[in-house]
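Okay, so here's the structure we're looking at.
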Amino acid sequence: MTEILTPRLILRRWNDDDLVPLSEINGDPEVMRWIGDGSVRDLEETAEDLERWEEEWDEEGFGLFAVELLGSGELIGVVGLSVPEYLPEVLPAVEITWRLGRQYWGQGYASEAAHATLEYALQDRGLDRVVAVNRAGNDESENVIRKLGMVPERDTTHPRYGHLLQIHSIDLTEYEA
Ligand SMILES: CC(C)(COP(=O)(O)OP(=O)(O)OC[C@H]1O[C@@H](n2cnc3c(N)ncnc32)[C@H](O)[C@@H]1OP(=O)(O)O)[C@@H](O)C(=O)NCCC(=O)NCCS
Numbered sequence: 002m003t004e005i006l007t008p009r010l011i012l013r014r015w016n017d018d019d020l021v022p023l024s025e026i027n028g029d030p031e032v033m034r035w036i037g038d039g040s041v042r043d044l045e046e047t048a049e050d051l052e053r054w055e056e057e058w059d060e061e062g063f064g065l066f067a068v069e070l071l072g073s074g075e076l077i078g079v080v081g082l083s084v085p086e087y088l089p090e091v092l093p094a095v096e097i098t099w100r101l102g103r104q105y106w107g108q109g110y111a112s113e114a115a116h117a118t119l120e121y122a123l124q125d126r127g128l129d130r131v132v133a134v135n136r137a138g139n140d141e142s143e144n145v146i147r148k149l150g151m152v153p154e155r156d157t158t159h160p161r162y163g164h165l166l167q168i169h170s171i172d173l174t175e176y177e178a
């Protein structure tokens, strides 16, 4: 069972108790504003996401982590790795993404989880390179990307929704520099 401990967080795989707190996060329009077409996801859609994410873990050997606050055990969001199938032009690639409940923003939790995820990807899992795809205007997310030391690569447009996407990347050499 893959589990990562950081000073304040546990990154772990998903269980049934995560469904309700995750669907609350997915139901907040402010959280979902920059994700996909910006629509919220209900309980049923969130259950489908969880099932798919666990399948991806089994198939790829990496995936999206449930992020839990140490001590309280609250689920605060999602940080992890996925294959960006929605953007064929970057494939093959592994993308790092993040999404926290609004009450957990501004406390450094996203960056803490993202740093641990990047180390897991490049050092433990031995991936060559990790990309981050950010919708232009999502400054909070760009801030996390920047703090990870990811390098701007190019801009493109979302094949389905047409909005501007900024691609960043990092490889092991850049990570260790
Ligand atoms: C993107 C998102 C995860 C960023 O979360 P966040 O909380 O702003 O990010 P961080 O963890 O980097 O924390 C930010 C701030 O917390 C503050 N902070 C407070 N306590 C801290 C601590 N102990 N350690 C570090 N930072 C701390 C810092 O000031 C930091 O800002 P700075 O980098 O300007 O100094 C969040 O806005 C979100 O979930 N958005 C909706 C989903 C989304 O758009 N995801 C991206 C597309 S997939």
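Using the numbering used here, read the sequence shown as starting at 2 and increasing by one per residue. C-beta atoms are modelled at their ideal positions from N, C-alpha and C, and glycine is treated no differently. As the structure is a computational prediction, the values presented were derived from the model and not from experiment.
For Leu20, the enclosing alpha helix (DSSP H) has its first and last residue at 20-27. Distance from the CA of Leu88 to the CA of Leu20, rounded to the nearest whole angstrom, comes to 27 Å. For Ala48, the enclosing alpha helix (DSSP H) has its first and last residue at 44-61. Judged by pairs of C-beta atoms under 8 Å, the segment 37-46 does not touch the segment 58-66, as fewer than three such pairs exist. The shortest C-alpha to C-alpha distance from Leu23 to any of Gly64, Val68, Gly150 is the one to Val68. The segment 90-141 contains, as complete beta strand (DSSP E) runs of 3+ residues, the segments 96-101, 130-136 (chain order). Between the segment 108-118 and the segment 143-163 there are three or more C-beta pairs closer than 8 Å, enough to call the two in contact. For Ile171, the closest C-alpha among the options Tyr162, His164, Gly150, Asp156 is that of Gly150. Counting only residues of its own chain and dropping the five nearest sequence neighbours on each side, Ala115 has a CB closer than 7 Å to the CB of Val80, Ile97, Trp99, Val145, Leu149.
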